[in-house]
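Working notes, beginning with the structure itself.
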Amino acid sequence: MIYKSIADRLRLRLNSADFAIGSPLPGEKKLAEEFGVARMTIRKAIDLLVDWGLVVRRHGSGTYVARKDVHHENQQSDRPGGSAAQAG
Numbered sequence: 003m004i005y006k007s008i009a010d011r012l013r014l015r016l017n018s019a020d021f022a023i024g025s026p027l028p029g030e031k032k033l034a035e036e037f038g039v040a041r042m043t044i045r046k047a048i049d050l051l052v053d054w055g056l057v058v059r060r061h062g063s064g065t066y067v068a069r070k071d072v073h074h075e076n077q078q079s080d081r082p083g084g085s086a087a088q089a090g
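Sequential numbering of the sequence shown, starting at 3, is according to the working numbering.
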């Protein structure tokens, strides 16, 4: 699923120095253009980041970094559907 791949790529980006805890993510429209996908795909990817506790949505304000995922900072996701799960 493409949204899982995008979620992993966003997770790695969130762990970079480009994003501090509390900083906003780019908007769905901008991310959709960047990844060349529909906004619904970006929405599903962000839903995964919310489920993982990495970002929070604030209604009417945007999506913000909640915490860094230091355990998986330089790895592909070991969550279901991630590359590590497929390799096993």
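All C-beta atoms, glycine included, are put in the ideal place defined by N, C-alpha and C.
Quick one: is residue 47 buried, meaning 16 or more other Cβ sit within 10 Å of its Cβ, or exposed? As a working note, residue 47 is residue 45 in the sequence shown. It is buried - the Cβ of residue 47 has at least 16 other Cβ atoms within 10 Å.
C-alpha distance - residue 51 paired with residue 39, whole-angstrom precision: What you label residue 51 is simply residue 49 of the sequence shown in a count that begins at 1. What you label residue 39 is simply residue 37 of the sequence shown in a count that begins at 1. The alpha-carbon atoms of residue 51 and residue 39 are separated by roughly 17 angstroms.
If the criterion is Cβ atoms closer than 7 angstroms, does the pair residue 24 and residue 66 meet it? Here residue 24 is taken as the residue at index 22 of the sequence shown, counted from 1. Here residue 66 is taken as the residue at index 64 of the sequence shown, counted from 1. Yes.
Let me confirm a value: residue 22 is counted as buried when at least 16 other C-beta atoms fall within 10 Å, else exposed. Which label applies? Mapped onto the sequence shown, residue 22 falls at position 20. Counting Cβ neighbours within 10 Å, residue 22 comes out exposed, since fewer than 16 surround it.
Report the three-state DSSP secondary structure of residue 57 (helix, strand or coil). In the sequence shown, the residue the question calls residue 57 occupies position 55. Residue 57 falls in the strand class under three-state DSSP.
Would you say residue 67 reaches chain D, if we count a Cβ-Cβ gap shorter than 7 angstroms as a contact? Judged by its chain identifiers, the structure shown contains no chain D, having just a single protein chain.
Exposed unless 16 or more other CB atoms sit within 10 angstroms - verdict on residue 60: As a first step, residue 60 is located in the sequence shown; it is residue number 58 there, counting from the start. Residue 60 is exposed by the Cβ-count criterion.
Backbone CA spacing between residue 43 and residue 8 [nearest angstrom]: Position 41 of the sequence shown holds residue 43. Position 6 of the sequence shown holds residue 8. Those two C-alpha atoms are separated by around 9 angstroms.
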